[in-house]
Amino acid sequence: MTAEQPYAALGLTRGEYERILGILGRRPTTPELAMYSVMWSEHCSYKSSKVHLRQFGEKTTEAMGSRLLAGIGEQAGVIDIGDGWAVTFKAESHNHPSFLEPYQGAATGVGGIVRDILAMGARPVAVMDSLRFGGIDHPDTARVVHGVVAGVGSYANCLGLPTIGGEVGFDPSYQGNPLVNVLCVGVLRHEDMQRAHARGSGNLVVLFGSRTGGDGIGGVSVLASETFGSEGPPAKRPAVQVGDPFAEKVLIESCVELFAAGVVAAIQDLGGAGLSCATSELAAAGDGGMRVALDRVPLRDPSLSPAEILMSESQERMMAIVRPADLDAFLAITGRWDVEATVIGEVTGTGRLQITWHGETVVDVPPRTVAHDGPVYDRPYARPSAADAIAADTPARLSRPADEHELRAMWLRLIASPSLCSRAWVTDQYDRYVLGNTAASRPERAGVVRVDPATARGVALALRGPGRFTALDPYMGAQLAFVEAFRAVGCTGAEPVAVTDCLNAGSPEEPGSMWALAEVIRGLADICQAAAVPVTGGNVSLYNATGDVSVLPTPTVGVLGVLDDVGLAVPSGWSAPGAAIYLVGVTRDELAGSAWAWEEHAHLGGVPPLMDLPAERVLASALRACLRDGLVDAVRDIAEGGLLSALSEACLRFGVGARVWLAEVCERDGVDLLTVLVGESVARALVAVPRSEEIRFTDVLSARGVPHARIGVTDDAGGTDGVPALDVAGVGVITLAELAAAHQGTLPHHFG
Amino acid sequence: MRIGVVTFPGSLDDTDAARAVTLAGGEAVRLWHADADLHGVAAVILPGGFSYGDYLRCGAIARFAPVMTEVIRAARGGMPVLGICNGFQILCEAHLLPGALVRNDHRRFACLDQRLRIERTATAWTHSYEIGAEITIPLKNGEGAYVADEVTLDALAAEGRVVARYLGGNPNGSRRDIAGVCDPTGRIVGLMPHPEHAVEPGFGPSTDGLAFFTSALRRTGSQ
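Residue numbers (the working numbering), protein chains in the order written: chain V, 1 to 752; chain Y, 1001 to 1223.
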């Protein structure tokens, strides 16, 4: 009797191990067991989410897919944006590594998603990040914030990619499990799109980029599927990968040249599960098999075993399938960039993935069984028993400011709160200008980049994940994440065309967390179908929990829109006095899950705002018409923090104040002043309109039946001494200096 | 007029610098780090980025690139050279300009819309500006604090070799708010902020940077 194999230490269950025995009809070799363990991990196989994720495909109609050149299942979705141009974009998580090693975890999170985009044949052109940290006051939060922000910044800055937006949130649930989600967008011509399939017997398998080391072994299987104990990091601690952005920069440049030269038959990046993933997926998608001589893999650490080489998640590596006749041209290009490239195998007709180590066969498996035939679990899930009590605990009982004096004090507290304060401390550490195509970035609410310098055609992107709404109702929360991003993109004048998502949730083995994930997926799939905007790719990150405490279920949703001319977008704040200010949309009595309830009362209960997709769509189309005709000076979507946050930031954008009165809106909508200010009802925007365009503007909105109200005027000297101020009837005068000090002081105060 | 833009491995703003030259009306010629040939250009721009990863001192390796041998030779012969950000660091490492750029005093990378005052217009790259002109262009770096010994700083001031200074607060701890300096002839200029990111309406905080490039173009024949 031979010894028991260490499947459990590799993160496999007994049942999964027996499935491998069944597939092979024998004991797996150590390298084979290593491959199955990483490829059948939750991170790579989506075994707990697959049964639910199918909805994204099932709910994508043929019409919705008409712009898709590649969809779910590819490294990233590819969308036709016209004139022969395409963009590819995707968001991905790097949560667990970013808790252990915030700097490297976040840095390699950028590196990984950039290679996904590169693998589609695109030049990466911009990134965005969605970050969640623990309580802003907690002693460990600064460690994670400093590391993560510097990690995202250093990697993206060194790659020469502008960071054009994103979001930051703080909540105690993320204390031991921060979220680091990074989105990358790339640009390509239709004909340059690449595929990841090893076809054509005799074609060569070329590994290029950095050498393989011992970092990140088991990252996807052991680390990503481990909930952290409340006492801290796990004892069996696999190395977090270490990033080298310079190596990735030259990898990008050499890939772009390789694509242009037409010497790549197929390509895949190496990310989670490293060579195990690249070899098995390329071979599984091909028409034959693949043979690889593992001893040819250039190593940083010569002591690595075959199993370790197969599991290593060393960064900055790619694998290409190259026709033998193209090899010299391929190597000339990689050589020009001093990128190491090595032929490690070839495509075969055997139908098997065969890997040798100094002549001895150490892996001989059907590639599909590794890449695609992993276990699929329909995990039990159940609506938590506490859900009814949470829904019943509405904000109606919360105390409200009694008078003008209290409202004004509340305003300044809220605008300085962790939920609503300025993110400049973070975003000022990111290069937003490199490449010269950034038309909008933070503090704008959506990033806008030019794709075609000749026509100014481009894309707008927004990333949103309102975790409090999802905590109240995951189905609705996911839909609200979508409409928030949809609204932000719509406010640039872009037409939303595609969605990527990063679904962060707790342990799938806990029925309540599993229910939240299932509801998030159902909600997002439903809203995307209703909006006719397809999900084109993304990822799922599970086991985001510390001890028994799961993070707020946080679907981060990225919406991409297309602009014929990026120059049509206007800022989110006004730059001149004398313009009319309009509040577009209606406000309902919806305070549950709001920044106000949380920041003022530490309250999270009730039912999130009512979703209204038709209103969102007509708002977006009306604003698009106004922007196209040049009728508006500023457009600011209203979301977290409501009108209070929107007015404050619109004034601070260019230091021009406003006089605002809201009595008519209160009366029309049947709500009080507080609710108009801090309610987070959907389908609303704040718009500044030059006096000369007011009639045309109101005509456009009226013709479409979009409710709107003139609530004020911009004013650069509304304060008592003629200084810029925000003067809101019923609240009082707040000078912009006071507002700026409150808004901008919070993050520097906490993080230096 | 042909202006060369060097690409080192790790250069990031080379495309932007070439676009700025084109928008200014010149012909941008891409030069390659490993190619010791300036291809007959009349001036050279060393762009921003992290040449060779800058894992050693910024610019320390780039100054030894084959193309730099020719750039240094031509610069000593009077060819105008503009080093932006990493290019400034390389010019200092190559001893074409005095001083050095060190880590920002707040120890963070900073990307800002920075106000500057142009203090010398008798250079190949700034003579299209009015003396004392206040401009706003991006500043983005982690190691952008200009340092030199007091004797050198006094000499730079006395000889009028400070090309631009920061306004509205010192963003990184640069000695005497220095944003850019030049050699005694005014042909070699090093600048930490990025004029090439402020050349097109709608992309960048202003178009204040364009005059760096038109300055170089107008210079032909007249100087």
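The beta carbon of each residue, even a glycine, is placed where N, CA and C say it ideally should be. On a predicted model such as this, the values are computed, not experimentally measured, just so you know.
Opening and closing residue of the beta strand (DSSP E) in which residue i lies
i, result
"serine 417 (chain V)", "Careful: serine 417 (chain V) lies outside any beta strand (DSSP E) and carries neither H nor E."
"proline 6 (chain V)", "Proline 6 (chain V) -> no beta strand (DSSP E), and no H or E assigned at all."
"isoleucine 1137 (chain Y)", "1134 to 1141"
"phenylalanine 1182 (chain Y)", "It should be noted that the sequence gives cysteine, not phenylalanine, for residue 1182 (chain Y). Segment 1178 to 1182, the beta strand (DSSP E) holding cysteine 1182 (chain Y)."
"valine 566 (chain V)", "No beta strand (DSSP E) holds valine 566 (chain V); DSSP gives it neither H nor E."
"arginine 653 (chain V)", "Unbroken run through arginine 653 (chain V) is the alpha helix (DSSP H), 642 to 654; no beta strand (DSSP E)."
"proline 124 (chain V)", "123 to 133"
"valine 584 (chain V)", "580 to 584"
"cysteine 753 (chain V)", "Examination of residue 753 (chain V) is not possible in this model, given that chain V is present from 1 through 752 alone."
"arginine 638 (chain V)", "The displayed chain sequence assigns isoleucine, not arginine, to residue 638 (chain V). No beta strand (DSSP E) holds isoleucine 638 (chain V); DSSP gives it neither H nor E."
"tryptophan 1032 (chain Y)", "1027 to 1032"
"methionine 319 (chain V)", "317 to 322"
"aspartate 526 (chain V)", "Segment 511 to 531 is the alpha helix (DSSP H) holding aspartate 526 (chain V); no beta strand (DSSP E) there."
Endpoints, alpha helix (DSSP H) assigned at residue i
i, result
"tyrosine 36 (chain V)", "30 to 39"
"proline 707 (chain V)", "Premise fails: proline 707 (chain V) is in no alpha helix (DSSP H) and is neither H nor E."
"lysine 50 (chain V)", "50 to 58"
"leucine 472 (chain V)", "467 to 472"
"tryptophan 596 (chain V)", "595 to 601"
Reference residue i; option with closest CA among the options
i, options, result
"glycine 465 (chain V)", "V:Leu472, V:Val459, V:Leu480", "V:Leu480"
"tyrosine 7 (chain V)", "V:Pro31, V:Ser37, V:Ala76, V:Ala278", "V:Ser37"
"alanine 119 (chain V)", "V:Arg26, V:Glu248, V:Ala683", "V:Glu248"
"leucine 1097 (chain Y)", "Y:Pro1080, Y:His1127, Y:Cys1111", "Y:Pro1080"
"valine 551 (chain V)", "V:Asp403, V:Glu32, V:Gly135", "V:Gly135"
"arginine 1030 (chain Y)", "Y:Val1021, Y:Gly1040, Y:Gly1004, Y:Gly1053", "Y:Gly1004"
"proline 1066 (chain Y)", "Y:Asp1105, Y:Trp1032, Y:Glu1130", "Y:Trp1032"
"glycine 512 (chain V)", "V:Tyr381, V:Leu583, V:Cys421, V:Ala545", "V:Tyr381"
"alanine 70 (chain V)", "V:Pro102, V:Gly105, V:Ala196, V:Pro172", "V:Ala196"
"arginine 445 (chain V)", "V:Ser594, V:Ala650, V:Arg408", "V:Ala650"
"arginine 54 (chain V)", "V:Val584, V:Val549, V:Leu524", "V:Leu524"
"leucine 21 (chain V)", "V:Ala9, V:Gly11, V:Gln5", "V:Gln5"
"methionine 128 (chain V)", "V:Gly558, V:Val78, V:Arg317", "V:Gly558"
"glycine 705 (chain V)", "V:Gly214, V:Val676, V:Val584, V:Gly11", "V:Val584"
"cysteine 491 (chain V)", "V:Ala532, V:Asp548, V:Val562", "V:Val562"
Integer Cβ distance of residue i from residue j, believed to fall under 8 Å
i, j, result
"asparagine 181 (chain V)", "cysteine 502 (chain V)", "4 Å"
"glycine 121 (chain V)", "valine 347 (chain V)", "Actually they do not touch by this definition, with Cβ atoms about 19 Å apart."
"alanine 505 (chain V)", "proline 553 (chain V)", "5 Å"
"aspartate 192 (chain V)", "valine 263 (chain V)", "With a Cβ gap of about 12 Å, aspartate 192 (chain V) and valine 263 (chain V) do not count as contacting."
"arginine 1115 (chain Y)", "glycine 1168 (chain Y)", "5 Å"
"alanine 595 (chain V)", "leucine 420 (chain V)", "6 Å"
"leucine 414 (chain V)", "glutamate 600 (chain V)", "7 Å"
"alanine 283 (chain V)", "alanine 198 (chain V)", "5 Å"
Cutoff 7 Å; reference residue i; Cβ partners in own chain excluding five residues on either side
i, result
"threonine 1069 (chain Y)", "Ala1036"
"cysteine 1198 (chain Y)", "With the sequence shown as reference, residue 1198 (chain Y) is identified as alanine, and cysteine is not the correct amino acid for it. Within the same chain, alanine 1198 (chain Y) has close Cβ partners Ile1137, Pro1138, Gly1204, Pro1205, Ser1206, Thr1207, Asp1208, Gly1209."
"methionine 39 (chain V)", "Ser45, Ala273, Ser276, Cys277, Ser280, Val370, Ala371, Gly374"
"glutamate 231 (chain V)", "A caution first: glutamate 231 (chain V) carries a pLDDT of 46, below 50, which makes its placement in the model unreliable, though a value can still be read off. Cβ within range, chain order: n/a, list empty."
"isoleucine 1178 (chain Y)", "Tyr1146, Val1162, Arg1165"
Paired residues, beta bridge with residue i - DSSP
i, result
"asparagine 504 (chain V)", "V:Ser541, V:Thr554"
"methionine 290 (chain V)", "V:Val347, V:Leu353"
"tyrosine 1146 (chain Y)", "Y:Leu1101"
"arginine 1002 (chain Y)", "Y:Glu1027"
"valine 206 (chain V)", "V:Ala320, V:Val343"
"isoleucine 217 (chain V)", "In DSSP, isoleucine 217 (chain V) forms no bridge with anything."
"tyrosine 1166 (chain Y)", "Y:Leu1116"
Residues of its chain near residue i, where Cβ-Cβ distance is below 6 Å and the 5 sequence neighbours each way are ignored
i, result
"valine 567 (chain V)", "Here residue 567 (chain V) is glycine; the residue named in the question, valine, does not match the sequence. Closer than 6 Å at Cβ, skipping near neighbours: Ala456."
"phenylalanine 89 (chain V)", "Val185, Thr500, Leu560"
"arginine 323 (chain V)", "Asn203, Ala265"
"glutamine 429 (chain V)", "Val149, Gly153"
"leucine 729 (chain V)", "Reading the sequence as shown, one finds alanine at residue 729 (chain V) and not leucine. Taken in chain order, the residues that qualify are Trp661."
"alanine 142 (chain V)", "Phe751"
"proline 748 (chain V)", "Trp425"
"proline 59 (chain V)", "Note that residue 59 (chain V) is lysine in the sequence shown here, rather than proline. Result list for lysine 59 (chain V): Ala525, Gln529, in chain order."
"proline 609 (chain V)", "Glu590, Glu680, Ser681, Val682"
"serine 34 (chain V)", "A quick correction: the sequence has alanine, not serine, at residue 34 (chain V). The answer, listed in chain order, is Ala307, Leu310, Met311."
"phenylalanine 1050 (chain Y)", "Gly1010"
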